[in-house]
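Below is one structure; the comments refer to it alone.
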Amino acid sequence: MRLHVFPPSPRATKVIALANHLGLDCDLRLVDLFKGWESNAILHYLASKKPQSGLWPSDARDQADVLRWHSWEAAHWFPACAILAFERLIKKLSGQGEPDPAEVARGEKQFHQCAAVLNAHLRGRKWLVGNDLTIADFAVGAPLAVAEAARFPVAEYAEIRRWYGALASLPAWKKALVPLPS
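Add 1148 to a position in the sequence shown, counting from 1, and you land on the number used in my numbering.
Structure follows, in structure tokens:
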């Protein structure tokens, strides 16, 4: 299977990590940044290739919960993380100047709002949905792949750090990551 990805992107990280986790043989191609599609839909497609993995749950309520987390990730979590990633990492890597303090403040405010929701949900849970790893974990965890380099304010969110630590310890996740400057 051929996958078109842009490896530094958290959107690509989640797709590559899931393909690795499922043991799918993929031909990775660098994508034209002006083309592409929806990474959460790609996660669903990949999980459907190996239904026995359980990454797309068989229970209808759990499926709805995965979709809910995918929607939340796309509408709230990723945009909040993206502000900080752009200001503190992408600008530096692309020579676009220093972070804009107003944008950083806006990003931190949105990050804290979203992180509070995620942290509260993770309390007492190993994974986002049910008791097992699902594609929701890959989707919601992906922006955190740049948390250190982009200085996301995660210190006060113990549940997020614990959960992401479990996700980041997966061999498939480690294999998907691209080294970033700190």
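Note that the Cβ used here is the ideal one computed from N, Cα and C, for glycine as well.
The residue from LEU1318, LYS1239, ILE1283, VAL1326 with its alpha-carbon nearest to that of GLN1211 is ILE1283.
SER1157 sits buried, since 16 or more C-beta atoms from the chains shown fall within 10 Å of its C-beta. In this structure, DSSP gives VAL1153 an extended state, which the three-state scheme calls strand. With fewer than 16 other Cβ atoms from the protein chains shown falling within 10 Å of its own Cβ, SER1206 counts as exposed. A residue is called buried when at least 16 other Cβ atoms come within 10 angstroms of its Cβ; GLU1235 meets this threshold and is buried. If you ignore the 5 residues before and after LEU1315, its C-beta comes within less than 7 Å of the C-beta of ASP1285, GLY1289, TRP1321, all in its own chain and listed in chain order. The secondary-structure analysis by DSSP pairs LEU1176 across a beta bridge with LEU1151. If you check the CB distance, LEU1237 and ALA1295 do not come in under 8 Å. Each of ARG1150, ASP1175, LEU1266 was checked against the Cα of TRP1220, and the nearest Cα belongs to LEU1266.
Only exposed fits ARG1150, as fewer than 16 other CB atoms lie within 10 angstroms of its CB.
Within the model, the alpha-carbon separation for ALA1268 versus HIS1218 is close to 17 Å.
Rounded to the nearest whole angstrom, the C-alpha separation of ILE1190 and ALA1250 is 34 Å. Between the alpha carbons of LEU1176 and LEU1292 lies a distance of about 22 Å.
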